[in-house]
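In our numbering, the protein residues as written are 3 to 482.
This is the structure in structure tokens:
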């Protein structure tokens, strides 16, 4: 513990606002929060000497922040109210950042946990309050200014300002972009009332309402969104037809062999899965689609259609700001920085990963959220490399998938476990180094596989195949 004293009579040992705030942190953050619009740090005017007991951790955090600060507090503006933006804002406060924070979100709702949208929420198992990442009062308590329905049209990094669609200017000292993407639309798809995409909470609510009336759901695309909604619809007892242009579902994300296993999973659950197939003709009546003619010559009826063929990264603003565009995203350094005091995370970030040693871009919620936390820590504690491996998961029926790292189609796949029983892991090696691990119902192996990726050790493929092999030892975690 550390004791700070102040003596008004002598004018020495002045206890600063950040030290007083540390006492507030120690008692429990938010217990003594000032009302909306008031100063963040209370002015204590009790005469005479006083003793303030605070933790060493808080003092260190505050000294670091003090060393980076100027007389004027920095203002962080976050564009995007998804996983990256929300996580960055709260990570900043957790790290002791006491400057201004504003989130400019184009969404109509406060930030929510997107994975629920294709699973529990769309099935009606949970309601909206469970979906939101934080209570509305949390933003006020943490002095995070959340502005909804705000679209940023342009701006200038040099002038440190943004221009909103309505003409208002917003200034910043540090800018964070977590812009996500927009659902891709295929040519020839009619603009009908019962043809939908899934990206927002309100999209999910509309699909949930429509599923209550629908008998047969048509899904265009068998990526994660399409596959998860298919599983949800089957759980609700709906007929489901998936039309997928590739030979197997999830091929781009998981590869051909794992995709074949997922094809079997969905067919076993009663999904009519058509692979290597496209829609040739859409049939409509008034403003509603009634069915499709497929490239295999069959005509199929449907009363609800979900188009789930990926996203287009939202790059209009980064381009307008002159940020480096590469590989379908914004090129950022190891610490997720695109330019001085400009950070980018989530779907649009092409990240030079310090562990993997190459640039990667991952379109998944969990990655976006974790990168947001890393950005918040970098702004608060000083720019540092973001080393956390990409990680994502997907639950479909009774199958739980986890994935750590980042593989490509050229990597060698080494299987371990029970394929038939759908409890296995796949290690992806490049020149003997594990680049990623994919697991079905095998969480412990997935976690240890992540340690193998981080170790960058060269490993013989045969050493990974046996379920008896000690993965912790292979990763160098046992000290042997």
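Even for Gly, the Cβ is constructed at its ideal location relative to N, Cα and C. All figures in this text were calculated on a predicted structure; none of them were measured in a lab.
Three-state class that DSSP yields for residue i in the structure shown
i: residue 163; result: strand
i: residue 67; result: Summary for residue 67: the model assigns pLDDT 48, below 50, so the residue's position carries little reliability; its value from the coordinates is reported in the next sentence. It is helical.
i: residue 127; result: coil
i: residue 480; result: coil
i: residue 52; result: Residue confidence for residue 52 is low, a pLDDT of 42 falling below 50, so the modelled location carries little weight; the figure read from the coordinates is stated next. The answer is strand: DSSP assigns residue 52 an E or B state.
i: residue 144; result: coil
i: residue 112; result: coil
i: residue 277; result: coil
i: residue 199; result: coil
i: residue 399; result: coil
i: residue 350; result: helix
i: residue 388; result: coil
i: residue 104; result: strand
i: residue 301; result: strand
i: residue 311; result: coil
i: residue 188; result: coil
i: residue 323; result: coil
i: residue 419; result: strand
i: residue 207; result: helix
i: residue 451; result: helix
i: residue 357; result: coil
i: residue 173; result: strand
i: residue 122; result: coil
Residue i vs residue j beta-carbon contact at 8 Å
i: residue 195; j: residue 289; result: yes
i: residue 364; j: residue 392; result: yes
i: residue 283; j: residue 307; result: no
i: residue 332; j: residue 310; result: no
i: residue 439; j: residue 407; result: yes
i: residue 193; j: residue 218; result: no
i: residue 471; j: residue 465; result: yes
i: residue 313; j: residue 183; result: yes
i: residue 455; j: residue 437; result: yes
i: residue 460; j: residue 434; result: yes
i: residue 135; j: residue 200; result: no
i: residue 226; j: residue 396; result: yes
i: residue 390; j: residue 372; result: yes
i: residue 403; j: residue 159; result: no
i: residue 382; j: residue 163; result: no
i: residue 354; j: residue 336; result: yes
i: residue 421; j: residue 263; result: yes
i: residue 166; j: residue 187; result: no
i: residue 297; j: residue 269; result: no
i: residue 137; j: residue 95; result: no
i: residue 340; j: residue 325; result: yes
Presumed contact (8 Å Cβ cut-off) between residue i and residue j, rounded CB distance
i: residue 178; j: residue 80; result: 4 Å
i: residue 86; j: residue 348; result: 4 Å
i: residue 273; j: residue 247; result: Rounded, the Cβ-Cβ distance is 16 Å, inconsistent with contact.
i: residue 244; j: residue 228; result: 6 Å
i: residue 174; j: residue 77; result: 6 Å
i: residue 115; j: residue 133; result: 6 Å
i: residue 431; j: residue 453; result: With a Cβ gap of about 15 Å, residue 431 and residue 453 do not count as contacting.
i: residue 257; j: residue 415; result: 7 Å
i: residue 111; j: residue 203; result: 5 Å
i: residue 1; j: residue 230; result: As shown, the chain starts at 3 and ends at 482. That puts residue 1 outside it, with no answer to give.
i: residue 131; j: residue 83; result: About 17 Å; that fails the 8 Å criterion.
Bounding residues of the beta strand (DSSP E) (the contiguous stretch that carries residue i)
i: residue 176; result: 176-179
i: residue 155; result: 154-158
i: residue 465; result: Element bounds for residue 465: not the beta strand (DSSP E) but the alpha helix (DSSP H), 463-467.
i: residue 431; result: 425-432
i: residue 281; result: 281-287
i: residue 383; result: Unbroken run through residue 383 is the alpha helix (DSSP H), 367-383; no beta strand (DSSP E).
i: residue 185; result: 183-185
i: residue 250; result: Per DSSP, residue 250 belongs to no beta strand (DSSP E) and is neither H nor E.
i: residue 336; result: Unbroken run through residue 336: none, as it is neither H nor E.
i: residue 79; result: 77-81
Proximity test, Cβ basis, 8 Å: residue i and chain D
i: residue 172; result: This model lacks chain D altogether, as it is built from one protein chain only.
Element boundaries [alpha helix (DSSP H), containing residue i]
i: residue 92; result: 85-96
i: residue 268; result: 258-270
i: residue 227; result: 226-237
i: residue 437; result: First-last for residue 437: 435-442, but that is the beta strand (DSSP E), not the alpha helix (DSSP H).
Task: At least 3 beta-carbon pairs within less than 8 Å: the segment 239-253 vs the segment 201-211 - done: In short, these stretches do not touch, since the Cβ pair count stays below three.
Open item on the list: Check whether the segment 408-415 and the segment 120-127 touch, using three or more Cβ-Cβ pairs below 8 Å as the test.
Closed with: Contact between the segment 408-415 and the segment 120-127 is absent, because fewer than three Cβ pairs lie under 8 Å.
Open item on the list: Does the segment 76-95 come into contact with the segment 366-382, if we say contact requires no fewer than three beta-carbon pairs (one atom in each stretch) closer than 8 Å?
Closed with: Contact between the segment 76-95 and the segment 366-382 is present, with at least three C-beta pairs closer than 8 Å.
Open item on the list: Is it the case that the segment 143-159 contacts the segment 103-121, given that we only count it when at least three CB pairs across the two stretches are under 8 Å?
Closed with: Yes: the two stretches touch, three or more of their Cβ pairs being nearer than 8 Å.
Task: Inter-stretch contact at 8 Å, needing at least 3 Cβ pairs: the segment 172-186 / the segment 344-364 - done: Yes, they touch.
Open item on the list: Three or more C-beta pairs under 8 Å: does that hold for the segment 414-430 against the segment 446-457?
Closed with: Yes: at least three Cβ pairs fall under 8 Å.
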